[in-house]
Amino acid sequence: MRMLVSRKVLSPEQATRLENGITPTILPGSVELEDLISCSQIKDGYILKPIRSGKGAGILFGDQLSHADWQEKLEQLKCPHLKPENTVHVVQRQINQLYYDITIGLSGKPTACHMVGTYHAVNGQFLGLGGWRFSPGRLCAVADGATWTCSVVQSN
0 MRMLVSRKVL SPEQATRLEN GITPTILPGS VELEDLISCS QIKDGYILKP IRSGKGAGIL
60 FGDQLSHADW QEKLEQLKCP HLKPENTVHV VQRQINQLYY DITIGLSGKP TACHMVGTYH
120 AVNGQFLGLG GWRFSPGRLC AVADGATWTC SVVQSN
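Throughout the sequence shown, residue numbering follows numbering that gives the first Met the number 0, covering 0 to 155 in sequence.
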């Protein structure tokens, strides 16, 4: 980030927001993984996300695993090679999302939901807003029952 600030690609404020808002991904076989294994008591603040998957399928929360299961999963990640018979994960810090009152379902009543949005960009150019996911559950993923909608933009 410092290099992007020094080149004036980002302002210091933008760099801070990115550092606070983008969760680092710990890859199989990485030095960061070794560091995490050495202090694996902090499993409750992390999630395991399967690679080659999508829509939230197979995400495991550290606080839902026993210490032994967590340690076993991390040990399996020491080897970064993909094998068709094994599920390989990346590790990310868990983000505690805010709740928003969203009207979902047929009841017409607002429900406290997590909200995750997307946007489209090509070569650093913002092209527009993408889809949004809403869920009252812990995981805001279509695979876990989240509702989705498209972005709506009002023209002047």
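For each residue, glycine too, the CB sits at the ideal point set by N, CA and C.
Predicted model only: the values in this text are computed from it and were never measured.
* Sub-8 Å separation of Pro-180 and Gly-57 beta-carbons -> Examination of residue 180 is not possible in this model, given that the chain is present from 0 through 155 alone.
* Could you spell out where the beta strand (DSSP E) holding Gln-124 opens and where it closes? => Taking the first residue of the sequence shown as 1, we reach residue 124 at position 125. Its beta strand (DSSP E) spans residues 124-134.
* **Per-residue DSSP class, three states only, for Lys-42** => Start at 1 with the first residue of the sequence shown, and residue 42 comes out as number 43. DSSP places Lys-42 in helix when its eight states are reduced to three.
* To do: Under the assumption that Leu-47 contacts His-113 (Cβ atoms under 8 Å), give the Cβ distance between them as a whole number of angstroms.
  => As a first step, residue 47 is located in the sequence shown; it is residue number 48 there, counting from the start. As a first step, residue 113 is located in the sequence shown; it is residue number 114 there, counting from the start. A Cβ-Cβ distance of about 19 Å is found for the pair Leu-47 and His-113, leaving them out of contact under the 8 Å criterion.
* Looking at Ser-150 and Leu-126, is the spacing between their C-beta atoms short of 8 Å? -> Stepping through the sequence shown from its first residue, residue 126 is reached at position 127. Stepping through the sequence shown from its first residue, residue 150 is reached at position 151. Cβ atoms of Leu-126 and Ser-150: not closer than 8 Å.
* Skipping 5 residues on each side, what residues in its chain have a beta carbon closer than 8 Å to that of Ile-94? -> Here residue 94 refers to the residue found at position 95 of the sequence shown. Here the set comprises Thr-22.
* Beta-carbon proximity of Lys-54 to Ala-111, cut-off 8 Å -> In the sequence shown, counting from the first residue as 1, residue 54 sits at position 55. In the sequence shown, counting from the first residue as 1, residue 111 sits at position 112. No, the Cβ-Cβ distance between Lys-54 and Ala-111 is not below 8 Å.
* Tell me whether Gly-158 sits in a helix, a strand or coil according to DSSP, three-state version. => The structure shown has nothing for residue 158, since the chain only spans 0 to 155.
* Asked: Between which two residues does the alpha helix (DSSP H) harbouring Asp-34 extend?
  -> Numbered from 1 along the sequence shown, position 35 holds the residue referred to as residue 34. 30-37 is the span of the alpha helix (DSSP H), which, as asked, contains Asp-34.
* Asked: Cβ of Gly-28 within 8 Å of Cβ of Lys-77?
  -> To locate residue 28, count along the sequence shown from 1; it is residue 29. To locate residue 77, count along the sequence shown from 1; it is residue 78. Yes; because the gap between Cβ atoms is below 8 Å, this pair is in contact.
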